[in-house]
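Trainee:
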Amino acid sequence: MKNTNNTNTKLILLHPYIQKQGSSNRLWLLAFISILTLAFLVTLIYTRESTFIATSTTSSVIPSPVSGLGSAPLPATVINTLLHYAAKSNDTFHMPYSDLKPISDMLRKCSSPCNLLIFGLTHETLLWKALNHNGRTVFIEENRYYAAYFEEKHPGIDVFDVQYTTKRSEMKELIASAKEQVANECKPVQNLLFSDCKLGLNDLPTCV
3 MKNTNNTNTK
13 LILLHPYIQK
23 QGSSNRLWLL
33 AFISILTLAF
43 LVTLIYTRES
53 TFIATSTTSS
63 VIPSPVSGLG
73 SAPLPATVIN
83 TLLHYAAKSN
93 DTFHMPYSDL
103 KPISDMLRKC
113 SSPCNLLIFG
123 LTHETLLWKA
133 LNHNGRTVFI
143 EENRYYAAYF
153 EEKHPGIDVF
163 DVQYTTKRSE
173 MKELIASAKE
183 QVANECKPVQ
193 NLLFSDCKLG
203 LNDLPTCV
């Protein structure tokens with residue numbers, strides 16, 4: 003009996019070492035992937051911060067010379083070139099050089115910023131705007147449709163439409179009246195909206 007039982011006995015062997023070795027390899031692989039992912043994220047964040055700092059520095063440095071150039075007066079060569087081409091225009095109603103030069107000289111002597119008021123939109127409109135580089139140039143025009151058209155075509159031009167109540171034939175009388183009322187109704191600095199000065203334009207905005 004004993005011999006028979008011993009013969010039928012089965013031996014079961016367990017190998018836990020192989021199981022542990024596989025788990026250990028997986029842990030090492032997971033740790034390696036985690037380190038690579040962390041290194042990639044750190045590199046990505048650092049690169050973005052460096053790009054943002056460089057962009058901010060560039061944007062804060064570049065406008066400085068531009069703003070400095072904007073306040074500088076036009077060079078004499080540019081002014082002379084503008085006058086030359088304006089006087090040589092094929093337009094029938096353009097002003098001659100002899101009339102353009104004194105106005106240009108006056109603008110160059112005017113302390114910046116210079117306020118310039120021009121009556122009427124003419125061939126020289128853009129020229130006056132360019133010559134009064136750092137100042138404000140305002141144009142008044144009696145043709146409201148042409149004023150609207152010109153302002154739409156050139157958005158940088160300030161145009162106001164007005165209705166004149168005087169005539170050229172009244173020039174001498176108007177000038178004499180203005181001289182008599184220079185201390186009262188025709189004062190240079192006043193609100194012309196309620197003024198009785200015959201030379202005053204009382205339908206313009208107060209900013210003009």
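Position 189 (the sequence shown) corresponds to 191 in the working numbering; numbering is contiguous.
No residue lacks a Cβ here, since even glycine has one placed at the ideal position from N, Cα and C.
Keep in mind that this is a model prediction, so the values were computed, not measured.
Short of 7 Å in beta carbon distance, which residues of its chain neighbour residue 2, apart from the five on each side in sequence? Order them along the chain.
Mentor: In the structure displayed, the chain extends from 3 to 210; residue 2 sits before or after that span and is not available.
Trainee: So residue 152 and residue 123 are supposed to be a Cβ contact under 8 Å. How far apart are they, rounded?
Mentor: The residue you call residue 152 lines up with position 150 of the sequence shown. The residue you call residue 123 lines up with position 121 of the sequence shown. The C-beta distance from residue 152 to residue 123 rounds to 5 Å, short enough to fall under 8 Å.
Trainee: List the endpoints of the continuous beta strand (DSSP E) containing residue 139.
Mentor: Numbered from its first residue, the sequence shown carries residue 139 at position 137. 138-143 is the span of the beta strand (DSSP E), which, as asked, contains residue 139.
Trainee: Indicate whether residue 126 and residue 88 have their beta-carbon atoms separated by less than 8 Å.
Mentor: Counted from its first residue, the sequence shown places residue 126 at position 124. Counted from its first residue, the sequence shown places residue 88 at position 86. Result yes, Cβ atoms of residue 126 and residue 88 sit closer than 8 Å.
Trainee: Since residue 184 contacts residue 160 with CB under 8 Å, what's their CB separation in whole angstroms?
Mentor: Counted from its first residue, the sequence shown places residue 184 at position 182. Counted from its first residue, the sequence shown places residue 160 at position 158. Between residue 160 and residue 184 the Cβ distance is about 27 Å, and since that is not below 8 Å, they are no contact.
Trainee: Tell me the rounded alpha-carbon separation between residue 203 and residue 102.
Mentor: If you number the sequence shown from 1, residue 203 lands on position 201. If you number the sequence shown from 1, residue 102 lands on position 100. Their Cα atoms are separated by approximately 26 Å.
Trainee: Counting only the same chain and skipping the five closest in sequence on each side, list residues whose C-beta sits under 7 Å from that of residue 130.
Mentor: Translated into the one-based positions of the sequence shown, residue 130 becomes position 128. For residue 130, where only same-chain residues beyond five positions count, the Cβ hits under 7 Å are 118, 120 and 139.
Trainee: With a cut-off of 8 Å on the beta carbons, I'd call residue 114 and residue 136 a contact; round off their distance for me.
Mentor: Residue mapping note: residue 114 aligns to position 112 of the sequence shown, counting from 1. Residue mapping note: residue 136 aligns to position 134 of the sequence shown, counting from 1. Confirmed, Cβ separation roughly 4 Å.
Trainee: Specify, as a first and last residue, the run of the alpha helix (DSSP H) that residue 95 falls within.
Mentor: Here residue 95 refers to the residue found at position 93 of the sequence shown. From DSSP, residue 95 is part of no alpha helix (DSSP H); its letter is neither H nor E.
Trainee: Tell me which residues share the same chain as residue 39 and place their Cβ nearer than 7 Å to its Cβ, disregarding the 5 neighbours each side in the sequence.
Mentor: If you number the sequence shown from 1, residue 39 lands on position 37. Taken in chain order, the list of residues that qualify is empty.
Trainee: Write down every uninterrupted run of the alpha helix (DSSP H) in the segment 108-192 whose length is 4 residues or greater and which is fully enclosed by it, in chain order.
Mentor: 127-133, 146-155 and 173-182
Trainee: In angstroms with no decimal places, state the Cα-to-Cα distance between residue 149 and residue 45.
Mentor: For the purposes of this step, residue 149 is taken as residue 147 along the sequence shown, with counting starting at 1. For the purposes of this step, residue 45 is taken as residue 43 along the sequence shown, with counting starting at 1. Distance between the alpha carbons of residue 149 and residue 45 is about 60 Å.
Trainee: Could you give the distance in angstroms between the alpha-carbon of residue 178 and the alpha-carbon of residue 108?
Mentor: The residue labelled residue 178 in the question sits at position 176 within the sequence shown. The residue labelled residue 108 in the question sits at position 106 within the sequence shown. Distance from the CA atom of residue 178 to the CA atom of residue 108, rounded to whole angstroms, is 26 Å.
Trainee: Checking 8 Å against the spacing of the C-beta atoms, do residue 92 and residue 116 come in under that value?
Mentor: Within the sequence shown, residue 92 is the residue found at index 90, counting from 1. Within the sequence shown, residue 116 is the residue found at index 114, counting from 1. If you check the CB distance, residue 92 and residue 116 do not come in under 8 Å.
Trainee: Is residue 74 helix, strand or coil when you go by DSSP?
Mentor: In the sequence shown, counting from the first residue as 1, residue 74 sits at position 72. In the structure shown, residue 74 sits in coil (DSSP, three-state: anything other than H, G, I, E or B).
Trainee: Note down, in chain order, each residue of its chain lying with its Cβ closer than 6 Å to the Cβ of residue 200, except the 5 sequence neighbours on either side.
Mentor: In the sequence shown, the residue the question calls residue 200 occupies position 198. Here the set comprises 176 and 179.
Trainee: Should residue 182 and residue 198 be called a contact, given that it needs their Cβ atoms to be closer than 8 Å?
Mentor: Along the sequence shown, read from residue 1 onward, the residue named residue 182 stands at position 180. Along the sequence shown, read from residue 1 onward, the residue named residue 198 stands at position 196. No, these two residues do not count as a Cβ contact at 8 Å.
Trainee: By a C-beta neighbour count over all protein chains shown, 10 Å radius and 16 as the cutoff for buried, is residue 47 buried or exposed?
Mentor: Against the sequence shown, residue 47 aligns to sequence position 45. Exposed, because fewer than 16 other Cβ atoms sit within 10 Å of the Cβ of residue 47.
Trainee: If you measure from the CB of residue 150, is any heavy atom of the ligand FAD nearer than 7 Å?
Mentor: As far as ligands go, the structure on display features none, and thus does not contain the ligand FAD.
Trainee: On the three-state DSSP scale, how would you describe residue 203?
Mentor: Position 201 of the sequence shown, counted from the start, is the residue given in the question as residue 203. Here residue 203 sits in coil by DSSP.
Trainee: Do you know how far the Cα of residue 110 is from the Cα of residue 147?
Mentor: Taking the sequence shown and counting its residues from 1, the one referred to as residue 147 is at position 145. Taking the sequence shown and counting its residues from 1, the one referred to as residue 110 is at position 108. C-alpha separation (whole angstroms): 32 Å.
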